[in-house]
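Trainee: Before anything else, here's the structure in question.
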DNA sequence: CAAATTTCCGTGCACGGTAACGGAAAAATA
DNA sequence: TATTTTTCCGTTACCGTGCACGGAAATTTG
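Below, the structure written as structure tokens:
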């Protein structure tokens, strides 16, 4: 019960509410003696401020910057949108507005730009998907300097100051992927389609997912052969021909996996060539992937909950900014969902 | 922006804020003309009340009754607890307290008792898990009479007045279960362990789950034989002997499923007899089931999110009571999760 | 010691809404 | 028409907190 008010504290301390208010906000103009007395009374009474009254009285509005890659609808980063929106709606009555600051995930300069834009707007908090590690470190250093709290989603970096992190356990998700893929026996050959812009600069999350996958194979299916086919997401024709080529050489392969969200890029090929009886496992609930799941071209999708990640992270940040609460756990690995065409409808 | 205040509305309507307040709360003492005028202005200005100011001014506190079966830790109904607690914490600053009213799920009288207890306390809303259909109908009729909103979780009944429902699509979950069970070939015989207090009074949810399961088998594995073994949850010894008996007769059976949350009751037998290479699928994330999953005695658990169901339902109810919001969807079938030992940790 | 500063703190209005109180206007009654 | 009753509505005192204003007390300065 938050029954104790400032007035109660004031009365018991023998001062006026103005003075108590000064103490509560660490403003100056209070003698050491009074401050001490007031703090003592606050402790004894277990005074907790009424946030809503406070919000009502102080009409200043704050903002939280959300620093995410730009993304067209249907692409991975768009999956975060609904969570952001939801959290934004919840934060609005608290006088907090979310400001999205986008950047091009393939261009460092664009990220730098976004960072300085955020610093300029002096937000009350920042949400970051730290795709660029080094640059993010520099950025968070500045945030710490200014006392601006920040949270990570999707990926996190070595950093000591983040308030909370929400993401998926990438290595484990690769392991899980291998398990799901191989449960349909016999599994002697696997095709791993690597859909990457630049095979020498694959993202960290994808790399650790792949590591989990390979470790599973090594541990439990040491005889299994893993074939890699590299594909450029921007070249549909190339995809076709590369896959055709591969299956001409390896007609026995019946297991396919990918490690990022783009499995939908190969389903066209599979359908066109009427390839049946394959075991196909991919990641992330992009609309195109879900479609493939419904058509059974993809058998299983392993998904995280980007929207929940965003919503949780933002909620924690808001709670911290407004209510001064610290989240119970700092690192939150969200559950991985296994989607098949039988449970996809309820997703 | 909720920038429009009562005063704005009052000014534009040519009345005082007191009158506007009367209209907002459907209190009497307003002429038809004024009421109309005010409502028009409210519509035009898109006035939305500031709930926090409202809560501050009206210091009345309300309660929401949560009508769930009693349950010991580790049992199914306990899974809802964390969600209820969370929602309760969120509701507290809004001057709403949750009051749990338990009942014995096997005794109608106990449920009746609980219902009248709820009616007595005249809550602002009610959360119900309607295990007793007919009795619940009578109860909700009374609630409707008194204008008390109510929501269903877990199961719903035919009823026209509920605000919202959160649950699992039971039939589909049975279908999914069959798919997951049978994906490991060959699957020619399946043991279905039916853990029920009274086989002639099995619960509706379990029944429709079973229906989904059997339909899948009929459609896609018509040659597959389904064996039923009935078990009494209160008789551990009986469980042992029944299963031993069964496997003596049917040593070839390697697929096992159950349809309620009690698969953990048979894992003891499986472990003790060193039964390997089985495919075992069950439901619900009871601690004991999760343990079995970790030990790989159970391979897959299909779970709902009881905590999320409770939290969502209560949140919607609170939103309705406090903010007068109506939930976007009335029937919410939550996603079914597929848990294996590789993703159980992050659950 | 008086005057000028500085330090400390009380007062009062504002935030947006609630609801009781009582008075003016309208309607009913005599 | 005068009086009573009813209907309608404006006024006002809060709710708990933030913050600006200004004054008293304490301290420094001349």
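Chains as they are written, first to last, in the numbering used here: chain U, 9 to 355; chain B, 9 to 355.
In this text, a Cβ means the ideal position worked out from N, Cα and C, and glycines have one as well.
#1: If the cut-off is 8 Å on Cβ atoms, which residues from the region 333–345 of chain U count as contacting chain B, listed in chain order?
#2: Which residue from 135(U), 303(U), 22(U) and 79(U) puts its Cα closest to that of residue 275(U)?
#3: Spatial neighbours of residue 156(B) within its chain, please: CB distance less than 8 Å, with the 5 preceding and 5 following residues excluded, ordered by chain position.
#4: Identify the residues that DSSP records as bridge partners of residue 345(U): which are they?
#5: Can you find the residues in the same chain that come closer than 6 Å, C-beta to C-beta, to residue 278(B), ignoring five residues on each side of it along the sequence?
#6: In three-state terms, what does DSSP make of residue 264(B)?
#7: Compare the C-alpha of residue 136(B) against each of 41(B), 217(B), 319(B) and 350(B) and name the closest.
#8: Specify the secondary structure class of residue 35(B) as computed by DSSP and reduced to three states.
#9: Exposed or buried, what is residue 146(B) when buried is set at 16 or more other beta-carbons lying within 10 Å of its beta-carbon?
#10: Mind checking who residue 175(B) pairs with in its DSSP beta bridge?
#11: Using the Cα positions of residue 213(U) and residue 163(U), report the straight-line distance between them to the nearest angstrom.
#12: What does the Cβ neighbour count give for residue 334(U), buried or exposed, with the cut at 16 atoms within 10 Å?
#13: For residue 265(U), is the classification buried or exposed, using 16 other Cβ atoms within 10 angstroms of its Cβ as the cut-off for buried?
#14: Tell me whether residue 361(U) sits in a helix, a strand or coil according to DSSP, three-state version.
#15: Is the number of C-beta pairs between the region 74–84 of chain B and the region 42–51 of chain B that are closer than 8 Å three or more?
#16: My assumption, with CB atoms under 8 Å, is that residue 158(B) sits in contact with residue 170(B). Please give the rounded CB distance.
#17: Any idea if residue 182(U) is buried or exposed, counting beta-carbon neighbours within 10 angstroms, 16 or more meaning buried?
#18: Identify every run of the beta strand (DSSP E) within the region 31–86 of chain B, keeping only runs that are complete inside it and at least 3 residues long; order them along the chain.
#19: Leaving out five residues before and five after residue 9(U) in sequence, what residues of the same chain have Cβ atoms less than 6 Å from its Cβ?
#20: Just the chain B side, please: which residues come within less than 8 Å of residue 101(U) by C-beta, in chain order?
#21: Rounded to a whole number of angstroms, what is the C-alpha to C-alpha distance between residue 93(B) and residue 106(B)?
#22: What's the gap between the Cα of residue 180(U) and the Cα of residue 338(B)?
#23: Would you say the region 51–70 of chain U touches the region 9–21 of chain U, given that touching needs at least three Cβ pairs under 8 Å?
#24: Could you tell me whether the region 250–270 of chain U touches the region 66–76 of chain U, using the rule of 3 or more Cβ pairs below 8 Å?
#25: Can you name the start and end residues of the beta strand (DSSP E) that residue 110(U) belongs to?
#26: Determine the extent of the beta strand (DSSP E) in which residue 238(B) is found, giving its start and end residues.
#27: Identify whether residue 136(U) lies in helix, strand or coil by the three-state DSSP scheme.
#28: Give me the chain B residues within the contact set of residue 168(U), using Cβ-Cβ distance strictly less than 8 Å, ordered along the chain.
#29: Using only alpha-carbon positions, find the residue among 177(U), 233(U) and 217(U) that is nearest to residue 190(U).
#30: Rank 298(U), 352(U), 109(U) and 199(U) by C-alpha distance to the C-alpha of residue 124(U) and give the top, closest one.
#31: Using a Cβ-Cβ cut-off of 7 Å, state whether residue 177(B) counts as contacting chain U.
Mentor: Let's see:
#1: 341, 342, 343, 344 and 345
#2: One-based indexing of the first chain puts residue 275(U) at position 267. Comparing Cα-Cα distances from residue 275(U) to each of 135(U), 303(U), 22(U) and 79(U), the minimum goes to 303(U).
#3: Counted from its first residue, the second chain places residue 156(B) at position 148. Sequence-distant partners of residue 156(B) (beyond 5 residues in either direction) whose C-beta falls short of 8 Å from its own C-beta, in its chain, are 130, 131, 132, 133 and 134.
#4: As a position in the first chain, residue 345(U) is number 337, starting the count at 1. Partner(s): 311(U).
#5: Here residue 278(B) refers to the residue found at position 270 when the second chain is read from its first residue. Non-local beta-carbon contacts of residue 278(B) in its own chain, meaning distances under 6 Å to residues more than five positions away in sequence, involve 305 in chain order.
#6: In the second chain, the residue the question calls residue 264(B) occupies position 256. The answer is strand: DSSP assigns residue 264(B) an E or B state.
#7: Looking up residue 136(B) in the second chain gives position 128. Looking at the Cα atoms, 319(B) is the closest of the given residues.
#8: To locate residue 35(B), count along the second chain from 1; it is residue 27. The answer is coil: DSSP assigns residue 35(B) none of H, G, I, E or B.
#9: If you number the second chain from 1, residue 146(B) lands on position 138. Exposed, because fewer than 16 other Cβ atoms sit within 10 Å of the Cβ of residue 146(B).
#10: Taking the first residue of the second chain as 1, we reach residue 175(B) at position 167. 162(B) and 341(B), per the DSSP bridge assignment.
#11: To locate residue 213(U), count along the first chain from 1; it is residue 205. To locate residue 163(U), count along the first chain from 1; it is residue 155. Cα-Cα distance, rounded: 7 Å.
#12: Stepping through the first chain from its first residue, residue 334(U) is reached at position 326. Counting Cβ neighbours within 10 Å, residue 334(U) comes out exposed, since fewer than 16 surround it.
#13: Residue mapping note: residue 265(U) aligns to position 257 of the first chain, counting from 1. Buried is the call here.
#14: Since the displayed chain U opens at 9 and closes at 355, residue 361(U) lies outside it and no answer follows.
#15: no
#16: Here the question's residue 158(B) lines up with position 150 in the second chain. Here the question's residue 170(B) lines up with position 162 in the second chain. The pair is a contact, with the Cβ atoms about 6 Å apart (cut-off 8 Å).
#17: For this step, residue 182(U) is matched to residue 174 along the first chain. It counts as buried.
#18: Within the region 31–86 of chain B, the complete beta strand (DSSP E) segments of 3 residues or longer fall at 70–77, listed in chain order.
#19: Position 1 of the first chain, counting from 1, holds the residue named residue 9(U). Residue placement at residue 9(U) is poorly supported in this model, since its pLDDT is 49, which falls under 50; the coordinates are not used for a value here.
#20: Counted from its first residue, the first chain places residue 101(U) at position 93. Near residue 101(U) (Cβ distances below 8 Å), the residues of chain B are 10, 58, 59 and 60.
#21: The residue you call residue 93(B) lines up with position 85 of the second chain. The residue you call residue 106(B) lines up with position 98 of the second chain. Each residue's Cα considered, the two are about 9 Å apart.
#22: Indexing the first chain from 1 puts residue 180(U) at position 172. Indexing the second chain from 1 puts residue 338(B) at position 330. The alpha-carbon atoms of residue 180(U) and residue 338(B) are separated by roughly 36 Å.
#23: Touching, per the Cβ criterion.
#24: no
#25: The residue given as residue 110(U) occupies position 102 in the first chain. It spans 104–111 - the beta strand (DSSP E) in which residue 110(U) sits, taken as one unbroken run.
#26: Along the second chain, one-based indexing puts residue 238(B) at 230. Start and end: 233–239.
#27: Working through the first chain from its first residue, we reach residue 136(U) at position 128. Reduced to three states, the DSSP call for residue 136(U) is strand.
#28: The residue labelled residue 168(U) in the question sits at position 160 within the first chain. Per Cβ cutoff of 8 Å: no residues; residue 168(U) is ~24 Å from chain B at best.
#29: Position 182 of the first chain, counted from the first residue, corresponds to residue 190(U). Residue 190(U) has its Cα closest to that of 233(U), out of 177(U), 233(U) and 217(U).
#30: Position 116 of the first chain holds residue 124(U). Comparing Cα-Cα distances from residue 124(U) to each of 298(U), 352(U), 109(U) and 199(U), the minimum goes to 109(U).
#31: Residue mapping note: residue 177(B) aligns to position 169 of the second chain, counting from 1. Yes, residue 177(B) counts as interfacial toward chain U.
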